[in-house]
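Notes for the one structure printed next.
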Amino acid sequence: MSGDAPQPDWIAVDWGTSSLRVWAMAPDGRPLAEARSEDGMSRLAPEAFEAAFLRLVAPWLSGPAPVPVVICGMAGARQGWREAPYRPVPCPPLGPEMLSFAGTDPRLQVTIVPGLSQARPADVMRGEETQIAGLLAVAPGFDGIACLPGTHTKWARLSAGEVVGFQTCMTGELFALLSGQSVLRHSVGNTGWDAEAFAEAVADAISAPQRFAARLFGLRAEALLSGLAPESARARLSGLLIGLDLAASRPYWLGQDIVLIGEGSLSNRYAEALRAQGAAPRKADATEITLAGLRAARATLVERGRP
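Residue numbers are given in our numbering: position 235 of the sequence shown equals residue 270, and the series is strictly consecutive.
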């Protein structure tokens with residue numbers, strides 16, 4: 036936690052599968068303080084969410100009235116704090132159907148932003164809808180594609196202020212599984228990078244996605260026979276997976292205005308891969324966009340006279 040304990044007007048929350056981030060917010064929407072923990076949804080039973088939240092924010096709750104809390108992400112999942120049913124697309128990323136309830140602790144008044152669903156082909160998102168709302172808040176009228184790289188990378192088509200459709204690729208999760216639990220764990224390094232190997236692997240996967248499984252085992256074989264460096268194997272595995280992602284998502288990004296919403300090296304890798312295919316993606320900071328979306332959700336509640 037940063038700084039002295041503030042007295043927030045409300046609390047913004049991004050609750051992921053593996054981590055929890057909270058911000059004490061001023062009336063004008065500025066973050067006064069931030070805290071985080073590893074208490075993501077995957078580590079908690081539903082009855083443990085409130086306690087995990089209070090461990091971070093208890094010093095912020097010394098005022099006389101309940102503090103409004105606006106949450107996006109996995110707290111609204113079926114295995115979360117309270118289930119917030121999905122909203123079907125096409126629709127605006129935020130709507131009036133947000134789930135509000137009083138916490139067991141009388142100092143809390145909680146609202147959870149629901150995720151979005153798509154019937155055909157079947158797909159769902161939680162948390163990304165708030166980032167998309169943040170993108171539209173800072174870039175009103177944007178028509179194009181929002182790409183949100185991560186464990187489950189999302190490609191969302193936006194038009195006239197609505198999410199028209201979207202697609203999820205399990206790119207990040209596959210990288211974690213293959214590099215950490217498959218035979219490739221003996222060949223793929225944990226650090227280092229080979230930019231040339233990455234670019235070649237992206238091009239290979241896009242041009243011949245049907246060879247993907249064979250190319251994977253080739254990483255192991257080349258390490259055994261030719262001493263493929265662990266950092267090169269890591270870059271090639273990343274390139275093969277991101278290239279496969281781009282091959283599957285070509286109808287989303289080809290010829291489109293693309294904004295990448297992400298942080299760190301993964302977002303940079305997607306940018307490199309897209310530029311190699313002639314696209315011109317722009318990048319947006321994930322934290323700033325998430326906060327913009329949570330502010331938009333809070334504004335919607337205030338406009339409707341809800342806590």
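Beta carbons: idealized from backbone N, C-alpha and C, even for Gly. Nothing here was measured: the structure is a model prediction, and the numbers come from that model.
- For the beta strand (DSSP E) assignment, the uninterrupted runs of no fewer than 3 residues enclosed by the region 154-231 are, from N- to C-terminal side, 158-160, 179-183, 188-194, 197-204.
- Secondary structure at residue 58: strand, using DSSP grouped into helix, strand and coil.
- Contact annotation: the region 109-122 touches the region 147-161, with at least three C-beta pairs closer than 8 Å.
- For residue 332, the CB contacts under 8 Å within the same chain, skipping 5 residues up- and downstream, are 105, 107, 129, 133, 146, 148, 165, 168 in chain order.
- Bridge pairing for residue 245: absent [DSSP].
- Relative to residue 171, the option among 47, 335, 324, 45 whose CA is nearest is 324.
- Under a 10 Å Cβ-count criterion, residue 286 is classified as exposed, with fewer than 16 other Cβ atoms of the shown protein chains found around its own Cβ.
- For the set 206, 69, 196, the Cα lying nearest the Cα of residue 41 is the one of 69.
- With a cut-off of 8 Å on Cβ pairs, the region 74-84 is not in contact with the region 57-64, counting fewer than three such pairs.
- A distance below 7 Å between beta-carbons, with the five flanking residues on each side excluded, links residue 300 to no residue of its chain.
- The three-state secondary structure of residue 278, taken from DSSP, is helix.
- Ranked by Cα distance from residue 193, the options 205, 187, 179 are led by 179.
- In this structure, residue 143 and residue 102 form a Cβ contact; the two beta carbons are roughly 7 Å apart against a cut-off of 8 Å.
- Per DSSP, the continuous beta strand (DSSP E) segment holding residue 134 begins and ends at 134-137.
- DSSP lists no bridge partner for residue 324.
- Cβ contact annotation for residue 163 (same chain, cutoff 6 Å, sequence separation greater than five): 183, 189, in chain order.
- Following the DSSP letters along the chain, one finds residue 143 inside the beta strand (DSSP E) bounded by residues 143-147.
- Check the Cα spacing between residue 309 and each of 322, 292, 298, 320: the tightest is with 292.
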